[in-house]
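Residue numbers (this note's numbering): 61 to 334. Here's the structure, in structure tokens; my notes come after.
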Amino acid sequence: MTKDGQAPITAGVIGLGAMGLQMGRHLADNGFAVCGFDIAEDCNARAKEHGVEICADIAGVARKSDVVIVMVQSDAQVVEVFHQHGLLDELKEGSVVCIASSVSPETCHALEAAALKKNVGVLDTPVVLGQQAANEGRLTVFVGGDEKWLPKARPVLESFGRQILHIGSSGNGQIAKTVNNMLLWATICANYEALSLAKSLGTDIPKLISALGHSSGANWSLSRWGKSTGKWAEKDMDVALDLSQKEGLSLPLNGLVDQLMKRMNNEVMKRLLE
């Protein structure tokens with residue numbers, strides 16, 4: 061039993077890649093019993109070294125866990141985890157699933173509805189601030205879903221998140237992540253164009269970036285220029301544009317940003333520092 065008389069929570073992590081590994085590590089470091097699964101054996105091996113008990117399959121994680129973090133790559137994979145690999149079938153009543161993957165709000169709505177039939181909670185809990193914040197346990201977590209499930213999930217989320225922010229009903233966590241990324245990508249494109257001009261004029265780019273950090277042009281992506289990648293942007297930007305099309309809302313700036321981000325990658329941005 062915990063100090064407050066409650067039974068200890070066992071946390072599960074499905075998807076033990078770069079982000080999921082760090083989530084599992086922080087959970088173990090914070091005293092949780094942690095189990096997990098990944099289809100890649102090298103990911104399982106690394107997670108085991110950090111205190112994560114590796115289960116034979118997803119159903120095994122579900123049977124052991126009170127709160128499960130799902131951190132896989134796509135909507136299709138999240139749905140497969142729920143319905144084809146035994147997660148929903150094997151979870152106990154009162155369990156909570158946190159969808160940390162970046163997926164569409166519609167996916168979250170459908171999974172929440174299916175889970176409620178078993179009295180299982182589903183929260184969408186996408187994270188922002190990137191890999192370094194994950195490594196350091198200071199992610200920001202946007203939460204969508206019925207708030208009644210959050211008290212059970214919060215201690216788990218707080219093991220790797222510094223800010224746990226409930227935005228609204230199911231899908232609103234994903235909407236917050238999408239809007240955050242839209243602003244981030246637009247800023248990345250503006251930074252790239254501005255720094256390209258400065259470099260062509262012979263300016264020392266690292267010194268300029270340092271100076272801009274004290275100016276009205278300062279922004280988060282500029283402070284991390286050359287340290288992070290835009291390669292992941294394409295899928296998430298497609299989600300934003302798909303949502304806007306369904307709403308009949310024109311987003312001309314982000315249509316252009318989408319094209320620019322698909323042209324840029326980490327190597328291109330790093331060349332500005334050479």
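In this text, a Cβ means the ideal position worked out from N, Cα and C, and glycines have one as well.
{"Query": "Alpha helix (DSSP H) runs contained entirely in the segment 225–296, provided each spans 4 or more residues", "Result": "232–260, 265–272, 280–283"}
{"Query": "Helix, strand or coil at arginine 222 [DSSP, three-state]", "Result": "strand"}
{"Query": "Own chain, CB closer than 6 Å to valine 128, minus 5 neighbours either side, in chain order", "Result": "Gly72, Val157"}
{"Query": "Residue of Leu257, Gly75, Leu261 minimising C-alpha distance to glutamine 137", "Result": "Gly75"}
{"Query": "DSSP-derived helix/strand/coil call for threonine 185", "Result": "coil"}
{"Query": "Within 9 Å, strictly: CB atoms of cysteine 249 and leucine 320", "Result": "yes"}
{"Query": "Same chain, Cβ closer than 8 Å to alanine 119, five either side skipped, listed in chain order", "Result": "His145, Gly146, Leu147, Asp149, Glu150"}
{"Query": "Host alpha helix (DSSP H) of cysteine 168 (start-end)", "Result": "165–176"}
{"Query": "Three-pair Cβ contact test at 8 Å for the segment 177–184 versus the segment 225–237", "Result": "yes"}
{"Query": "8 Å CB neighbourhood of leucine 333 in its chain, flanking five on each side removed", "Result": "Ile265, Pro266, Trp285, Gly286"}
{"Query": "Cβ pair alanine 160, glycine 80 closer than 9 Å", "Result": "yes"}
{"Query": "DSSP-derived helix/strand/coil call for phenylalanine 54", "Result": "Beyond the ends of the chain as shown, which are 61 and 334, falls residue 54; an answer cannot be given."}
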